[in-house]
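Structure first, commentary second.
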Amino acid sequence: MADESHRYGAFRRILFCTDFSENADLAFEFALQEALHSPAPNIHLLHAIPEPEAQFWKTYIYEVEDIDEKAKNDIDKKIEQTYLSRVPEGVTFEVEMRIGRDYLAILEFADEIDADLIIMGRQGRTALRTVLFGSVTEKIVRRANCPVLVIPLSFEEKLGWTR
C-alpha cells in the first residue's frame, strides 16, 4: 500500500533547502505553510556547502579543524536567527549541513529522509554563477524522486506578503 501521506495531498517530510538568500527566506514561508496543513509535519532544513568554497577557506584562512568548527557555529547561528524562531509548535524541525556539490547533496539527502516534498527558492545566488555552472534548481527538478516546489522571489509581490 502506498504511503498515506500522499493520499490526501499532505506532505509530512518537507525538505527545505537554504543558501540564506532572501529568496530562500520566502521559500521557508511556503515550507511553514505546507507544514501547518500536514499531519505530524517534519521540516528538514538542508544547507549544502560547495566543496571548492569549503576547500578555499580551509586552505587560506584557518586550519582545517578551525574552519569546520567556525563555519558550523556561524551557520548554526544563522539558522537559529533566521528560521528556528519562526517554527510553530507541533512542527518538528531538523537541521542538516553537507559539504559537496549542491544538487547532489540535496538529492541524496532527499532520498535518505524519503522526502515527500522539496521546497527551495529560485536563483538564490548570482545570475552569473547560474549561467556559468548551470542551475542547481533545474537539476533538482529534473532528478528528484518527489515533487519540487520552486519559489521565485517575484512571487512575494503577487501574494502581498511583507516580512
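Residues in the sequence shown are numbered from -9 upward in steps of one, following the numbering used here. Heads up, the beta-carbon is just placed ideally off N, CA and C, and yes, glycines get one too.
Asked	Found
Residues near R133 by beta carbon distance below 6 angstroms, same chain, minus five either side	L97
Buried versus exposed call for D15 [16 or more other C-beta atoms within 10 Å across all chains shown]	buried
Helix, strand or coil at L143 according to DSSP, with G and I counted as helix	coil
Residues bridged to G80 [DSSP beta-bridge criterion]	Paired residues: none, contrary to the question.
Residues of its chain near C7, where Cβ-Cβ distance is below 6 angstroms and the 5 sequence neighbours each way are ignored	L36, I96, M110
Through-space distance from P142 to F83, alpha-carbon basis	23 angstroms
Endpoints, alpha helix (DSSP H) assigned at I4	Not the alpha helix (DSSP H): I4 falls in the beta strand (DSSP E), residues 3 to 7.
Rounded Cβ spacing between R112 and N13 (contact assumed at less than 8 angstroms)	6 angstroms
Within 8 angstroms, strictly: CB atoms of Q69 and V85	According to the sequence displayed, residue 69 carries Ile and not Gln. Closer than 8 angstroms, so yes.
Same chain, Cβ closer than 6 angstroms to V138, neighbours up to 5 away in sequence not counted	I108, I130, V131
Proximal residues to Y93 (C-beta, below 7 angstroms), its chain only, five neighbours per side dropped	V126, K129, I130
Assigned secondary structure, R91 (DSSP; H/G/I helix, E/B strand, else coil)	coil
Where the alpha helix (DSSP H) containing L16 begins and where it ends	12 to 26
Proximity below 8 angstroms, CB of E41 to CB of I89	yes
Rounded separation between R91 and F99 - CA only	12 angstroms
For N32, three-class secondary structure by DSSP	strand
Alpha carbon of E79 to alpha carbon of A0, nearest angstrom	18 angstroms
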